[in-house]
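Colleague: Oh and the sequence shown: position 296 is 634 in our numbering, straight run, nothing missing.
For each residue, glycine too, the CB sits at the ideal point set by N, CA and C.
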Amino acid sequence: MAPIIALYPGQGSQKQGMAIDLYQASAKVRNLFELASDIARRNLYALLGEGSEEELTAHAQTAITLASRSAQVRLAELGIQSHAHSGFSLGELSAYASANIFNDETLFTIVQRRTALMDEMSARARETLGELGMAAVIGLDYQAVHQLLLELNLPSLYAANDNAPNQVVVSGLSESIARAKAAFLEKGAKRFIPLKVSGPFHTPFMEEVTQPFRTFLDELEMTDPKDLVISSVDGSPITNVRQAREHLSQQLARPVRWTAVMQRINTMAGFDIAEVGSGTVLSGLCKNNGIQSSCLSLGEETTIQAYAKERAV
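#1: Which class does His540 belong to by DSSP, given the choice of helix, strand or coil?
#2: Mapping DSSP to helix, strand and coil, what is Asn504?
#3: When the Cα of Leu385 is compared with those of Gln362, Gly573, Ser460, Lys353, which residue comes out closest?
#4: Let's see if you can read the secondary structure: which residues bound the alpha helix (DSSP H) around Met456?
#5: Could you tell me the distance, in whole angstroms, from the CA atom of Met410 to the CA atom of Asn491?
#6: Between Ile402, Ala378, Gln549, Phe554, which lies nearest to Ile358 when the distance is taken from Cα to Cα?
#7: Could you tell me how far apart the beta carbons of Ile342 and Ile418 are, in whole angstroms, since I believe they sit closer than 8 Å?
#8: Reducing DSSP to helix, strand and coil, say where Glu377 ends up.
#9: Between Ala497, Ile531, Gly537, which lies nearest to Ala454 when the distance is taken from Cα to Cα?
#10: In angstroms, rounded to a whole number, what distance separates the CA positions of Ser307 and Glu430?
#11: Please say whether Thr548 and Gly301 have beta carbons closer to each other than 8 Å?
#12: Quick one: what's got a C-beta closer than 7 Å to Leu387's C-beta in the same chain, skipping five residues either side?
#13: Rounding to the nearest angstrom, what Cα-Cα distance links Val506 and Asn578 in this structure?
#14: With Phe530 as the anchor, note down where its beta strand (DSSP E) starts and where it stops.
#15: Going by the DSSP bridge assignment, what does Glu613 pair with across the sheet?
#16: Can the beta-carbon of Asn501 be found less than 8 Å from the beta-carbon of Trp596?
#17: Which term fits Glu489, buried or exposed, when burial requires 16 or more other beta carbons within 10 angstroms of its beta carbon?
#18: With three or more C-beta pairs closer than 8 Å as the rule, is the region 463 to 474 touching the region 551 to 558?
#19: Are Phe609 and Ala340 closer than 8 Å when you measure CB to CB?
#20: Is it buried or exposed for Ala344, if we count other Cβ within 10 angstroms and need 16 for buried?
#21: What are the partner residues of His423, as DSSP defines its beta bridges?
#22: Just curious, the alpha helix (DSSP H) that Leu523 is in, first and last residue?
#23: Give me the Cα-Cα distance between Ala435 and Ala520, rounded to the nearest whole angstrom.
#24: When the Cα atoms are used, what is the spatial distance from Glu584 to Ile568?
#25: May I ask you to report which of helix, strand or coil DSSP gives Leu478?
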């Protein structure tokens, strides 16, 4: 079997019941659940199988990472290897683990620390500045959005996610987001959609925790990647441990440049592209970024088994 290019989703991709079918199908996945549960100090099987939406949202980073790694473990178990890995924001951690930069114990340890730091800074920003939010700008590219934000000079509003040439997410003060809507529509945006996310992720709001997070990462054992890893910080390849630590710490306060990731992947012929984990958000972004081949969704046992059987023919 030829290897695939694996893409791992970020926050917002969580859903009740994700990865439970993989748990039931694979002893290796069950072992992964046990490891992650021990580190998170929570029964993640119960959380994913029976937990409320509020509980799942509160533990989203751990749950999403577990679902992505479970899917990757299952793919490898069935003989489907990866040539390259990339992850959207949080998903970058799963990409690094899948490329053997660090093991799963280190992965879930990092997720716990990352979650705590981001929650701390989000709470501090809300207390200091007020209500925060995010909104998707449909129909403009990143440069156009960034330039308009400079011209508007609104308090604490930034371009956070460069999803595709026609889709950018802005993040910051809810008041500034509301004031910016008319300007974006006048500039040519087709839609301006408020998102149900309260954290000011991938903006200067998070700058204060990048150094503590980097210090934490420096203490963990890591190795150079065994496969190609493409960072969502800038679309560049991660070739060594130093770059891995630098990009993981930077991504807290830097925009997600997914368009750059897609541009690099679009030059790589001969591989199937697959969203490995819960949901189909990245599959949709492949299409929006002009990826010619379809992006498979390989996050469930049925789709993984079907793909394995198709490849075996």
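Modeller: In short, the structure shows the following:
#1: Looking at His540 - three-state DSSP - the assignment turns out to be coil, as it is neither helix nor strand.
#2: Coil at Asn504, not helix or strand.
#3: Looking only at Gln362, Gly573, Ser460, Lys353, the smallest Cα-Cα distance to Leu385 is reached by Lys353.
#4: Under the DSSP assignment, Met456 falls in the alpha helix (DSSP H) whose first and last residues are 442 to 467.
#5: Per the sequence shown, the amino acid found at residue 410 is Gln instead of Met. Per the coordinates, the alpha-carbon of Gln410 lies some 43 Å from the alpha-carbon of Asn491.
#6: Cα-wise, what sits closest to Ile358 is Ile402.
#7: Contact between Ile342 and Ile418 is confirmed by a C-beta separation of about 6 Å, below the 8 Å threshold.
#8: Before going further, note that residue 377 is Ile rather than Glu in the sequence given. Helix.
#9: Looking only at Ala497, Ile531, Gly537, the smallest Cα-Cα distance to Ala454 is reached by Gly537.
#10: Given a span of 339 to 651 for the chain in the structure shown, any question on residue 307 remains unanswerable.
#11: This structure does not reach residue 301, given that the chain is present from 339 up to 651, and the question cannot be answered.
#12: The residue asked about is misnamed: residue 387 is Gly in this sequence, not Leu. Apart from sequence neighbours up to five positions away, the residues of its chain that approach Gly387 with a beta-carbon distance below 7 Å are Gly355, Ile358, ordered along the chain.
#13: Rounded to whole angstroms, Val506 to Asn578 spans 30 Å at the Cα level.
#14: Counting along the chain, the beta strand (DSSP E) containing Phe530 begins and ends at 529 to 533.
#15: Looking at the DSSP assignment, Glu613 forms a beta bridge with Leu345, Ser635.
#16: Between Asn501 and Trp596, the C-beta spacing is below 8 Å.
#17: So Glu489 counts as exposed.
#18: The region 551 to 558 vs the region 463 to 474: no contact.
#19: Contact: yes.
#20: With a threshold of 16 other beta carbon atoms within 10 Å, Ala344 meets it and is buried.
#21: Partner(s): Ala344, Val567.
#22: Note, Leu523: alpha helix (DSSP H), 512 to 525.
#23: Each residue's Cα considered, the two are about 42 Å apart.
#24: One alpha carbon belongs to Glu584, the other to Ile568, and they sit about 13 Å apart.
#25: DSSP, read as helix, strand or coil, puts Leu478 in coil.
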